[in-house]
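So the sequence shown is numbered by this note's numbering: it starts at 5 and just counts up by one.
The beta-carbon is built from N, C-alpha and C at its ideal position, and this holds for glycine as well.
These numbers come from a predicted model, not from an experiment.
To start, the structure itself, in C-alpha cells.
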Amino acid sequence: MPPRNDSHARNPMQAPTKPILFVEVQLTDKAATDPLVRSEAIRREISKYIADNFVQVQINQHLSTSFLMCGKYIRNCQIVDHSESISYADDGFYPLVDTDLQFSIYHLFNDEDELFASQPEGEESTSFKAMPLPHKALDGLWESLIFEEPIPESALRVIMSMLTISQQPLFDPTVLNWHNLALLYGPPGSGKTTLAKALAQRLSIRLSHIYPMAKLLEINSSTILSKWFGESSKQVGKLFKTITAISTDKSLLTVVIIDEVETLASSREKASQSDECGDAIRSTNELLQGLDRLCRCPNVMLICTSNLINSLDDAFVDRCTIQKFVATPNAKCSFEIFRSVINKLIDMNSVFFDSSDLEQDLMMENSDGCNYSQTSSLRSWNMESYDGALGPENASYSSTRLPSFEWVERNFANRDDTLLWEFRTLAINAAGLSGRALRRLPTLARFEYKPDKPCSLRDLLHALSKGIAEKHKNNNQDQHSTRTIKQKAKTIPKQEETSVDEFDETIWDDISVSP
Ligand SMILES: Nc1ncnc2c1ncn2[C@@H]1O[C@H](COP(=O)(O)OP(=O)(O)OP(=O)(O)O)[C@@H](O)[C@H]1O
Ligand SMILES: [Mg+2]
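What follows is the structure, encoded as C-alpha cells:
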C-alpha cells in the first residue's frame, strides 16, 4: 500500500513563503494494493503536468489525468482550495506563478482494511465505533451537504488551523486556554452528524502531510448512559483514557465524534434543581475533566453535535473553541437538495425527464423573435454539468438533469406556467422542513403516489407538492401535541417532569427561514 502522505510536502512548522494551492489526488483501490505505486512519483508527474499545461487554475477544477503514466491509478484529481481564497464560493482563477502546490494523495479505506481499524476489546468497544480515515463509507458526504452559509468550509478552515497551530513547538494549551473541541448545534435533521463525519473525512485528507494516518472514533453517548446506568461516569472516564492511549501515536490524527452530546454533558445546574440522579452530574464532571486532560493531545479533535443546546452544561459550552449553528435549509437549499435527489432518480430511470418540455417553455417565451439562446444555454448546461456529489466517474454527460436554482431564476423569472418555475415555487413551500425530510420526500412521493407506473417529472412534482403539504401538516400537529404535553407536564409531579423536558424542541420555533 502506498504511503498516504507525500514525503515532499511542506513542513507545517516552516512559515509558508508562497500562497498554497491544494491539490487532492484520490487513488484507485488497485493502486492501494500495488506495492509498485509510489505517492512521490505520482506527485512529481502531476506537478509537471500542471506546470507544463496550465497558467492558471480554478478551485474545484478537475484535472484529467487518464493519459498520464500514473493515470490508471488515479480516480480523481482536483484543485480544492487556495490559501488566499477569501470567498468560499470562489470561482476566480489563480495563476500558478508564485504558488506552491500542496498534494494530498490518498485512497479510501473500507471495512475490510485491517490497518489500525481494530476495535479495542472489552466494554469500551460498545461505547464507540472506530474506523480508519479517509473511509469509503464517508465518501460523498461533504459534497452532499447544502447550506445557505459556507458552514462546512469555514469549519474546515478553522479546525485545520487549530490542528496546525497546536502542533507548534511553543504552543501551550494552558496559556491559550485551548481545546480542540467543536460544537455543531441546531434543529433536528439539519445535517449536524453528516457534517461532523464529512469534516473528519476532509481533515484526514487535507492534513495528511502532518498526519499520515487518521482514525475516527464515534462515541455512542446513549449506550454509555443506558447500558451502564449508574456507572456512566466511570465509562466516560474509561473512554477518555482510551482516547489518550490511542493518541500517543503522534503520527495519527484522531477525530472523535460525540453525537447528541447533551446525553453526556447535560446541565448540572438543571439536574440538581430537578433532583435528577447524581450519575448524570458525575458523568458531566468526568467529561469536563477528560476534555481538560485531552488539551495535551494536539493530534485529537473532538466534534460534538446537539439539538438541545439549552440543556448543555455551561462549562462544557464554554470549552467549545468552535461553536457553529447549523440551520434548517432555506428555499434555495431546499431546491438544491430536491434537485440532487431528483437528478439521482432521473439517473436511475425512475423518473423520466424530457428536456424538450423545457425547450418548449423557453421557445414559447421567445416566439416573437424566436431567439434560441436560452434553449442552447440549457443544452450546454446539461452537457457540461454533472452532479459533484456523484464524483466525476459517475458524471452523466448525456442524460438530462435539472438545472440549478440560479439558472432557473435567471431564465424563468416569474414564468409560473413553466415546469421549472413550478419546481422553484414548490421548493420555496418546502423551506422550513428539515434536510432529512427534504432528502426523503422526492423518493417517497415517487413511490407513494405513483407506484409501479412510469413517472414523468411533471407527475413527480405534483406528487411532491402533496407530500410537502402533508409533511407541514404533520409537523404542525406534532408541535401542537408537544405543547399540549408540556402544558399537562406542568401539572404533574416534579420528578416525572424531567423526561418531558427532554422533549423540548419548540425552541426552534423562533428560527425564521427566509426564502
Ligand atoms: N443541509 C443539508 N443538505 C443536504 N442534506 C442534508 C442537509 N441536512 C440534512 N441532510 C440530510 O438529512 C439526513 C439527516 O442528517 P443528519 O443525521 O446529519 O442530521 P442531524 O442534524 O444530525 O439530525 P439530528 O439532530 O436528528 O441528529 C442525512 O441524510 C443528510 O444528508
Ligand atoms: Mg445527528
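Contact set for residue i: own chain, Cβ-Cβ below 6 Å, skip 5 residues either direction
i: D253; result: none
i: P114; result: Note on residue identity: the sequence assigns Asn, not Pro, to residue 114. Result list for N114: K140, in chain order.
i: L220; result: M135, L137, A204, V259
i: L292; result: A319
i: G523; result: In the structure as shown, the chain starts at 5 and stops at 519, and residue 523 therefore has no counterpart that could be examined.
i: F26; result: V84, D85, Q106
i: P302; result: S170, Q171
i: L306; result: L185, V260
i: F244; result: G294
i: E152; result: N334, C337
i: N57; result: none
beta-carbon residue i near ligand 2 non-hydrogen atom, thresh 6 Å
i: K22; result: no
i: K196; result: yes
i: F429; result: First, the residue type needs correcting, since residue 429 is Thr and not Phe in the sequence shown. Because no heavy atom of ligand 2 lies under 6 Å away, the Cβ of T429 does not count as near it: no.
i: T309; result: yes
Own chain partners of residue i with C-beta closer than 7 Å, once the 5 adjacent residues on each side are dropped
i: I169; result: F175
i: V304; result: N184, I247, S251, T258, V260, L298
i: S70; result: none
i: S89; result: I63
i: W146; result: P156, A202, Q205, R206
i: S287; result: S236, S237, V240, L268
i: K475; result: L437, A441, L445
i: L468; result: L430, L445, P446, A449
i: V59; result: P99, L100
i: P458; result: F356
i: R79; result: Q30, L31, T32, E397
i: S255; result: Y215, P216, M217
Contact set for residue i: own chain, Cβ-Cβ below 8 Å, skip 5 residues either direction
i: V321; result: L187, I313, Q327
i: K22; result: D102, T103, D104
i: I24; result: R14, H86, S87, T103, D104, L105, Q106
i: L464; result: I346, L349, V355, P446, A449, R450, K454
i: A55; result: L100
i: S226; result: E264, T267
i: Q65; result: Q82, I83
i: R300; result: P177
Distance cut-off 6 Å: residue i Cβ against heavy atoms of ligand 1
i: I341; result: yes
i: P446; result: no
i: I313; result: no
i: R193; result: The question names Arg, yet the displayed sequence has Gly at residue 193. Checking the Cβ of G193 against ligand 1 gives yes.
i: R440; result: yes
i: F132; result: no
i: F416; result: no
i: R443; result: yes
i: F329; result: no
i: I150; result: yes
i: P556; result: Residue 556 lies beyond the stretch modelled for the chain, which goes from 5 to 519, so this question has no answer here.
Proximity test, Cβ basis, 7 Å: residue i and chain B
i: N224; result: Among the protein chains of the structure shown there is no chain B, as only one such chain exists.
_If we require 3 or more residues per run, which beta strand (DSSP E) segments fall completely within the region 187-212?_
As far as the region 187-212 is concerned, it has no whole beta strand (DSSP E) run of at least 3 residues.
*Does the region 195-214 come close enough to the region 145-161 that 3 or more CB-CB pairs lie under 8 Å?*
Result yes; three or more Cβ-Cβ pairs closer than 8 Å.
*asked:* For the pair the region 347-357 and the region 447-454, tell me if three or more CB-CB distances fall below 8 Å.
replied: Short answer: they touch.
*Report yes or no: do the region 64-79 and the region 36-51 share at least 3 C-beta pairs separated by less than 8 Å?*
Enough Cβ pairs lie closer than 8 Å, so yes.
*Of all the alpha helix (DSSP H) runs that stay within the bounds of the region 268-317, which reach a length of 4 or more residues?*
DSSP runs (the alpha helix (DSSP H)) wholly in the region 268-317: 272-277, 282-298.
_My parser needs the alpha helix (DSSP H) runs of 4 or more residues fully inside the region 393-460; what are they?_
If we require 4 residues or more, the alpha helix (DSSP H) runs fully inside the region 393-460 come out as 409-416, 423-434, 439-453.
*Which whole runs of the alpha helix (DSSP H) in the region 312-349 are 4 residues long or more, in chain order?*
As summarised for the region 312-349, the continuous alpha helix (DSSP H) elements at least 4 residues long and confined to that stretch are 318-323, given in chain order.
_Secondary structure, alpha helix (DSSP H): runs of 4+ residues fully inside the region 32-113_ = Here the runs fully enclosed are 33-37, 43-57.
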